[in-house]
Each structure stands twice: as C-alpha cells, then as structure tokens.
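Report on the structure given below.
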Amino acid sequence: MRRHRLFVAILVIAAFSFLNLVARAQSSTDIYKSIKDDPSKIRWCLSEAGDDPAGIIGRRCQVYSECLDSLGLNDSVDKRPYPTLSAEQVESVRKCHQALYNAARTNPQLKGSKATQDWLEHNVSSGTEAKAFPVPSNLGRPH
Numbered sequence: 206m207r208r209h210r211l212f213v214a215i216l217v218i219a220a221f222s223f224l225n226l227v228a229r230a231q232s233s234t235d236i237y238k239s240i241k242d243d244p245s246k247i248r249w250c251l252s253e254a255g256d257d258p259a260g261i262i263g264r265r266c267q268v269y270s271e272c273l274d275s276l277g278l279n280d281s282v283d284k285r286p287y288p289t290l291s292a293e294q295v296e297s298v299r300k301c302h303q304a305l306y307n308a309a310r311t312n313p314q315l316k317g318s319k320a321t322q323d324w325l326e327h328n329v330s331s332g333t334e335a336k337a338f339p340v341p342s343n344l345g346r347p348h
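To convert, note that position 132 of the sequence shown is 337 in this note's numbering; the numbers rise steadily by one, no gaps.
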C-alpha cells in the first residue's frame, strides 16, 4: 500500500510538471510574432548569432563560408576596410551574398533573418550587395 501511494505521488508530480511545461510552451505563431515584433539586430554568420535548433542558420553559414573559400576568400571580404576585388570576384561574392540573403528571406521565422537581409542589401562592399526580388504569388509560404 505504501509503494502504491509513493507511485501515485510521483505520477501526480510528473503530470503536474508536464502540464506546466505544456502551458508555458509557445506556438509557432507566438514565436514568429515575437520575432517579428522584436527582430534581432545580430545578423547570421557571426559567432554571437549562434544557431537555431534546426541548424538552418549553421548550414546556410557553412555554405556561405564554402562559397567564399571557393573564391580564395574568407569573411574578411565583409569587413571594413573592404579589400580590393577584381570585377570577377565582385560578381562571385555577390552570388555568395545573394544565396545567403535568399536563405534568410525564406526563413523569416529565424532570429536574425531581417538583420541578415538588411546587412546583405546595404552594408557590404559596393557591387556585392544582394538584391531583393518580388516573391511570386505561387511560391507559397516560407518554411
């Protein structure tokens, strides 16, 4: 009988803890609204930006880093004073920037997405800026 009461007490505590966690959990709509209302000022691919639970930011930044590496460049291309680049390098870096921009734009639910887009449109070396593009109506919702 004593073991039964102990088991019931543990079960009640576990149930209460679970319900408390469920009550505090935010829906994806709540999280998206929070990000939209208070966007991060920290852009992706900075150490202080971190990663998201699904690893989307980390994977996109890895692709971005590999894109620059393939050109024989690194993230110093994005730091002032900007290095002198050939016309071919400018176009190639622009493509790397555009790919990262597109990833940020299609993932607005991730913290830092807007800051990343703004940075790539306005705060990179001249000629390497990413371009905003209209989203086709048949594209659907971002993932």
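All C-beta atoms in this analysis are idealised placements derived from N, C-alpha and C, irrespective of residue type, glycine included.
Should residue i be labelled buried (16 or more other beta-carbon atoms within 10 Å of its own) or exposed?
i           : result
residue 335 : buried
residue 312 : buried
residue 330 : buried
residue 265 : buried
Suppose the cutoff is 7 Å on Cβ atoms and the five residues either side in sequence are ignored; what does the same chain contact list for residue i look like?
i           : result
residue 322 : 306, 309, 310
residue 301 : 269, 272, 273
residue 295 : 332, 333
If the criterion is Cβ atoms closer than 8 Å, does the pair residue i and residue j meet it?
i           : j           : result
residue 290 : residue 280 : no
residue 262 : residue 253 : no
residue 244 : residue 304 : no
residue 298 : residue 282 : yes
residue 325 : residue 257 : no
Counting only C-beta atoms, is residue i closer than 8 Å to chain C at any point?
i           : result
residue 274 : In the structure shown, chain C does not exist; there is a single protein chain.
I'd like the span of the alpha helix (DSSP H) that includes residue i, first residue to last.
i           : result
residue 294 : 292 to 310
residue 334 : Element bounds for residue 334: n/a, residue is neither H nor E.
residue 271 : 261 to 275
residue 323 : 318 to 327
Between which residues of its own chain and residue i is the CB-CB distance below 6 Å, once the five residues before and five after are set aside?
i           : result
residue 287 : 330
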